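Encoded as C-alpha cells, the structure appears first; notes follow it.
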Amino acid sequence: MSTDALFSDAVARAVLSDAPAGHAEHLCCRFCGSDAAGTRECCLRVAERHAVGRTWTNVRAVCCPRCFRRGAAVGRARLAALAWLGAWAVAGAVLVVAAALTEPPWLAAAAAAGVAAGLALPVVLYRSFAARRMAALLGADRDARLRCRVGVGGWGVTTALGFRAAVPPRELSTPLDGV
8 MSTDALFSDA VARAVLSDAP AGHAEHLCCR FCGSDAAGTR ECCLRVAERH
58 AVGRTWTNVR AVCCPRCFRR GAAVGRARLA ALAWLGAWAV AGAVLVVAAA
108 LTEPPWLAAA AAAGVAAGLA LPVVLYRSFA ARRMAALLGA DRDARLRCRV
158 GVGGWGVTTA LGFRAAVPPR ELSTPLDGV
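One point on numbering: in our numbering, the residue at position 38 of the sequence shown is 45, and numbering is uninterrupted.
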C-alpha cells in the first residue's frame, strides 16, 4: 500500500472519529445513497480460504444501518450453510449406513443420492443468494470491480464476506470509493 493511501486512510479515520455528532448525520451511505441517522463507517471483510491458509482484504465504506444489516445477512447465511453442511455430513453418514443395513439394495442408493443432494443444495443456494445480495447492494458493475480488486472469482462458501462495525486494529484497509 502506498504512503498516499496510508495517509488518506489516517486522515479519513481522524475526520470520522473526531467529527462532532451532528457531522455523522451528513455522511451518505455508499450503497443506497441514504443519509439516514446512524450512517457510519463500516468494514467489508473479504476472506478467501485456500488449501494452506486464508487471505483477507478489508474494504472501508460508509453505510446506513439498513445496508449494514443487509450485508451482515450474507455472512449469517454463509454460517448457516456451513452449519448445515456439518450437520448433514454426520446425519447423512448415519442415514446411508442405516439404509445399507436394510433389505432392498436400491434404498442405500436412494439414501446416498439424497445425502449428496443435501450436501450440494446449501452451497448452490448460498452462492446464488450471496451473488444476488451483493449485486443489489453494490450494483452489478461495482460488485464485479470489488471481486476483481480483492482477487476472488465469485461469492461462495470458501469466500467469506462479512460486514464489521470497524476495521480491526493494526490492519490495513482500502476505501470502497475507488472501486
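From the three backbone atoms N, C-alpha and C, an ideal C-beta is built for every residue, glycine too. Values in this document were obtained by computation on a predicted structure and should not be read as measured data.
Assigned secondary structure, residue i (DSSP; H/G/I helix, E/B strand, else coil)
i    : result
P175 : coil
R37  : coil
P72  : helix
P182 : strand
W63  : strand
G163 : coil
A58  : coil
L86  : helix
D42  : coil
G99  : helix
G158 : coil
L92  : helix
L108 : coil
For residue i, the residue or residues it bridges with in DSSP
i    : result
G169 : R52
R47  : C70
Close Cβ partners of residue i (< 6 Å) along its chain, the five nearest in sequence each way excluded
i   : result
W91 : P129
V81 : A137, R140, L168
F38 : C70, C74, L144
C-beta contact flag for residue i and residue j at 7 Å
i    : j    : result
C49  : D42  : no
A68  : L183 : yes
Y133 : A105 : no
V101 : A118 : no
V159 : T166 : yes
G99  : V122 : yes
Sequence-distant residues of its chain with Cβ nearer than 7 Å to residue i (five each side left out)
i    : result
R52  : W63, N65, G169, R171
L114 : A106
V174 : C50, N65, R67, S180
G45  : C71, P72
Continuous alpha helix (DSSP H) stretch holding residue i: start and end
i    : result
V210 : Beyond the ends of the chain as shown, which are 8 and 186, falls residue 210; an answer cannot be given.
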